[in-house]
Amino acid sequence: MKIAVCVKRVPDTETRIKVGADGRSIDEGGVKFVLNPFDEFAVEEALKLKEQSGEGEVVIISMGGDSGQETIRTALAMGADRGVLLKTDAKPVDPLVTARVLASEVEQGGYDLVLFGKQAVDDESHAVGPMVGELLGLASVSAITRLELAGGKGTAEREVEGATEVVEFSLPAVLTAEKGLNEPRYPALRGIMLAKKKPLEVKDVELDEEGMVVVELALPQSRKEGRIVGEGPDAVPILIDALKNEAKVI
Amino acid sequence: MAGVLVVLEQRSGTLKSVSHEVLGAARTLADELGVEVHALAIGPAGLKVDGLGEYGADKVLCCRSDELELYQASRYAGLASGLADANGYQIVMLATTALGKDLGPRIAAKLGAPIAGDLTHISGNDGLVVMRPVFAGKATSTLKITSTPCVLSVRPNAFATGCVARDGIVEDVSPGDSGAGAQAVTIAVKEPEKAVLDVAEASIVVSGGRGLKEAEHFQLVEELASALGGAVGASRAVVDAGWRPHSEQVGQTGKTVSPNLYIAIGISGAIQHLAGMRTSKVIVAINRDQDAPIFKVADYGIVGDLFAVVPRLTEEIKKVRGG
Ligand SMILES: Cc1cc2nc3c(=O)[nH]c(=O)nc-3n(C[C@H](O)[C@H](O)[C@H](O)COP(=O)(O)OP(=O)(O)OC[C@H]3O[C@@H](n4cnc5c(N)ncnc54)[C@H](O)[C@@H]3O)c2cc1C
Ligand SMILES: Nc1ncnc2c1ncn2[C@@H]1O[C@H](COP(=O)(O)O)[C@@H](O)[C@H]1O
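If you're matching them up, the sequences are chains R and L in order.
Going by the working numbering, the first sequence opens with residue 16, and the numbers climb by one from there.
Going by the working numbering, the second sequence opens with residue 707, and the numbers climb by one from there.
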């Protein structure tokens, strides 16, 4: 089984966001970057599938700047076989532009499965995976929490509001991973050492023109200051009164 | 002039109320642009679509077939993008729901169009300008859409339903080719034995965290939620501990919610949790640690032992709500 996993380098979820001097992007000074948390689920699933089938290859693909190599190495340290960095300094906000670059790389690879995270925690587009599926005309299922493969076919489950959809599909397929699919492993020291020697190819890529531009990046309005209505159960009537007569939500 | 196509969402033949919000947002935008709003309803033969004019639809395109009762991703995308192509809609709009998050990007890919999702503001007065939260709501991005057609997906509970009545003439459209031979088919929708209100759809959410100490104690949260007619939510700590299902997790790697009332019980208020609930209209926190970060975003807080406070609160709520 040959599996590609597309991963993105994103700011750690603990990051306090500061707006950069251009007013359109974040100030990256002091920001720690990590492998997108949802992409960890995708990498884990790929490794599990390879282990189960006892053969195959897991290829990590990332589009971005040179520092993306570090992110790819993290996935290699988890156990993936090799990496491809699609190098560009541009940081597109139009998901179609990213999807086209990834689709053209994946198309040449002859993969049985192409895995994505459900969404990147920076731009939060939750778009690139299903877009690549459509661009390549492959079966695709997004935000999956369960996966079973057998005999060139698969069954996946995805959670919708208050229910679960069950989808059957044929391979090759594009899938995006939701939390709950698995528990990602941590790279062990041995894995980190091995990852340094694994092949990582760097290719320059050209991007299409984007269909949107960022006008402004701003911090959200902070919530208006609240108050502690009291301590312990005796404060309950005060809370009820505030919810009923002031906030008018009950 | 055909301007905006709104893709509606249904479950078991009934349209979802979030689709009325999308129609409201589309109507306002279409009026700014001087174009029409057409709604596309895809669903089973018995799908009901009357009265959509009241929500702002000039025309309702109705694609009914029992094969389309469940969400079939590629067929739905093919129908919507096919109509957008044929009728020349400039903008395709839908809701940022589980379905919309999957369908929107597919339509955009088929149209070769940009997509902006989870929108909280849309303006057509000076070009097409939209706002969306990024970095888990820690920043807001304002974008100018520079190419048409485009796909816009709007955040639930962020837009009001419109009240400008329009014709809403219903016109049937062909469901096209059958799904035979499709590469991916939704074969079932598993509903839980007891219907649960989803955190992302509820107007009141009561969430519990590690402060509850044990899975069994979540009964306190459930009782309060049921007294309020709300949904149960959870922090990641208790989901990862296996006390609650993933579907209830609120936060950066869970669901984003914006209910009218959010009550956080025994939740510290980690940055990743706040990411999923900070746009709630009113936030209440119950925590024994007065320095817990959750109090920084709460409108009302009670400092104290949740095991004493919550039962009392449930009792008082029942009195107020006459139950
Ligand atoms: C990549 C990543 C993604 C994440 N995504 C999410 C996410 O989506 N959602 C999420 O919630 N978290 C997420 N987290 C985890 C987050 O960082 C916190 O660990 C988690 O939210 C803590 O859960 P908690 O508030 O229930 O537990 P704790 O932080 O342990 O807080 C428990 C609280 O209960 C209070 N308490 C204890 N006993 C009582 C009592 N008897 N009465 C009243 N109060 C009491 C304590 O004072 C404390 O404030 C993520 C973390 C990472 C690294
Ligand atoms: N620059 C990128 N390089 C590789 N994969 C990406 C990139 N951007 C997005 N992805 C993949 O697409 C998923 C969804 O991203 P998004 O649509 O931006 O939320 C991510 O979880 C990654 O798997």
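All C-beta atoms, glycine included, are put in the ideal place defined by N, C-alpha and C.
Straight-line Cα distance separating residue j from residue i
{"i": "Asp109(R)", "j": "Val229(R)", "result": "10 Å"}
{"i": "Ser964(L)", "j": "Ala822(L)", "result": "19 Å"}
{"i": "Val1(R)", "j": "Ala19(R)", "result": "Past the edges of chain R, shown from 16 to 265, lies residue 1(R), and the structure says nothing about it."}
{"i": "Gly740(L)", "j": "Gln67(R)", "result": "58 Å"}
{"i": "Leu800(L)", "j": "Gly730(L)", "result": "11 Å"}
{"i": "Ile875(L)", "j": "Asp772(L)", "result": "22 Å"}
{"i": "His141(R)", "j": "Asp764(L)", "result": "30 Å"}
{"i": "Lys102(R)", "j": "Gly1007(L)", "result": "49 Å"}
{"i": "Asp737(L)", "j": "Gly982(L)", "result": "32 Å"}
{"i": "Ala699(L)", "j": "Leu721(L)", "result": "Absent from the model: residue 699(L). The displayed extent of chain L is 707 to 1029, so no value can be given."}
{"i": "Asp256(R)", "j": "Arg994(L)", "result": "21 Å"}
{"i": "Ser941(L)", "j": "Arg916(L)", "result": "8 Å"}
{"i": "Ala815(L)", "j": "Gly960(L)", "result": "26 Å"}
{"i": "Ser986(L)", "j": "Arg838(L)", "result": "16 Å"}
{"i": "Ala105(R)", "j": "Glu216(R)", "result": "19 Å"}
{"i": "Leu111(R)", "j": "Lys263(R)", "result": "43 Å"}
{"i": "Val1016(L)", "j": "Leu930(L)", "result": "7 Å"}
{"i": "Glu877(L)", "j": "Leu767(L)", "result": "5 Å"}
{"i": "Ser725(L)", "j": "Ser119(R)", "result": "35 Å"}
{"i": "Ala786(L)", "j": "Gln236(R)", "result": "36 Å"}
{"i": "Thr734(L)", "j": "Ile207(R)", "result": "54 Å"}
{"i": "Asn793(L)", "j": "Ala819(L)", "result": "16 Å"}
{"i": "Gln279(R)", "j": "Asp27(R)", "result": "Because chain R is modelled from 16 through 265, residue 279(R) falls outside the range shown and cannot be assessed."}
{"i": "Leu222(R)", "j": "Val116(R)", "result": "7 Å"}
{"i": "Leu50(R)", "j": "Thr86(R)", "result": "6 Å"}
{"i": "Lys65(R)", "j": "Met227(R)", "result": "39 Å"}
{"i": "Thr852(L)", "j": "Pro214(R)", "result": "39 Å"}
heavy atom of ligand 1 below 6 Å from residue i C-beta
{"i": "Thr28(R)", "result": "yes"}
{"i": "Ala842(L)", "result": "no"}
{"i": "Leu258(R)", "result": "no"}
{"i": "Ile910(L)", "result": "no"}
{"i": "Arg950(L)", "result": "no"}
{"i": "Ala943(L)", "result": "yes"}
{"i": "Gly1007(L)", "result": "no"}
{"i": "Ala90(R)", "result": "no"}
{"i": "Ala998(L)", "result": "yes"}
Closer than 6 Å: residue i CB and nearest ligand 2 heavy atom
{"i": "Lys218(R)", "result": "no"}
{"i": "Gln134(R)", "result": "yes"}
{"i": "Asp946(L)", "result": "no"}
{"i": "Asn197(R)", "result": "no"}
{"i": "Lys23(R)", "result": "yes"}
{"i": "Pro52(R)", "result": "no"}
{"i": "His726(L)", "result": "no"}
{"i": "Gly810(L)", "result": "no"}
{"i": "Val156(R)", "result": "no"}
{"i": "Thr959(L)", "result": "no"}
{"i": "Ala142(R)", "result": "yes"}
{"i": "Phe131(R)", "result": "yes"}
Proximal residues to residue i (C-beta, below 8 Å), its chain only, five neighbours per side dropped
{"i": "Phe1013(L)", "result": "His923 and Leu926"}
{"i": "Cys856(L)", "result": "Gln796, Ile797, Val798, Ala814, Ala819, Pro820, Ile821, Ala822 and Leu834"}
Distance cut-off 6 Å: residue i Cβ against heavy atoms of ligand 3
{"i": "Phe865(L)", "result": "By its list of ligands, the structure shown excludes ligand 3, since it contains just ligand 1 and ligand 2."}
Residue i at chain A interface by Cβ criterion, 7 Å
{"i": "Ala142(R)", "result": "The structure shown contains no chain A; its protein chains are R and L."}
Close-in-space but distant-in-sequence residues of the same chain around residue i (CB under 6 Å, 5 per side omitted)
{"i": "Lys850(L)", "result": "Gly833 and Val835"}
{"i": "Ala842(L)", "result": "Gln958 and Ala981"}
{"i": "Ala171(R)", "result": "Val156, Ile159, Leu162 and Val182"}
{"i": "Ile969(L)", "result": "Val912 and Val990"}
{"i": "Val34(R)", "result": "Leu232"}
{"i": "Arg717(L)", "result": "none"}
Close-in-space but distant-in-sequence residues of the same chain around residue i (CB under 7 Å, 5 per side omitted)
{"i": "Gly704(L)", "result": "Examination of residue 704(L) is not possible in this model, given that chain L is present from 707 through 1029 alone."}
TODO: For the segment 149-163 of chain R and the segment 80-91 of chain R, state whether three or more C-beta atom pairs, one from each stretch, are separated by less than 8 Å.
DONE: no
- [ ] Please confirm if the segment 897-909 of chain L is in contact with the segment 192-210 of chain R, defined as three or more CB-CB distances below 8 Å between the two stretches.
- [x] no
Open item on the list: Which complete alpha helix (DSSP H) runs does the segment 120-179 of chain R hold, if anything under 4 residues is left out?
Closed with: 143-151
- [ ] Determine contact between the segment 152-163 of chain R and the segment 175-194 of chain R, defined as no fewer than three beta-carbon pairs at a distance below 8 Å.
- [x] yes
- [ ] List in chain order: all unbroken alpha helix (DSSP H) runs of 4+ residues lying wholly within the segment 179-233 of chain R.
- [x] 204-212
- [ ] Specify whether the segment 1019-1029 of chain L and the segment 251-263 of chain R touch according to this definition: at least 3 beta carbon pairs, one from each stretch, less than 8 Å apart.
- [x] yes
- [ ] Count the CB pairs spanning the segment 71-84 of chain R and the segment 19-31 of chain R that are closer than 8 Å, and state whether there are at least three.
- [x] yes
- [ ] Examine the Cβ distances between the segment 781-801 of chain L and the segment 881-889 of chain L and report whether three or more of them are shorter than 8 Å.
- [x] yes
Task: the segment 883-901 of chain L / the segment 748-765 of chain L touching (three or more Cβ pairs under 8 Å) - done: no
Task: Cβ contact check for the segment 996-1010 of chain L and the segment 239-247 of chain R: 3 or more pairs under 8 Å - done: yes
- [ ] Go through the segment 808-892 of chain L residue by residue and report every complete run of the beta strand (DSSP E) that reaches 3 residues or more, in order.
- [x] 821-825, 827-829, 834-840, 845-851, 856-860 and 875-878
- [ ] Check whether the segment 113-133 of chain R touches the segment 29-48 of chain R, taking contact to mean three or more Cβ pairs, one atom from each stretch, closer than 8 Å.
- [x] no
Task: Runs of beta strand (DSSP E) lying entirely within the segment 905-947 of chain L, each at least 3 residues, in chain order - done: 910-914 and 937-940
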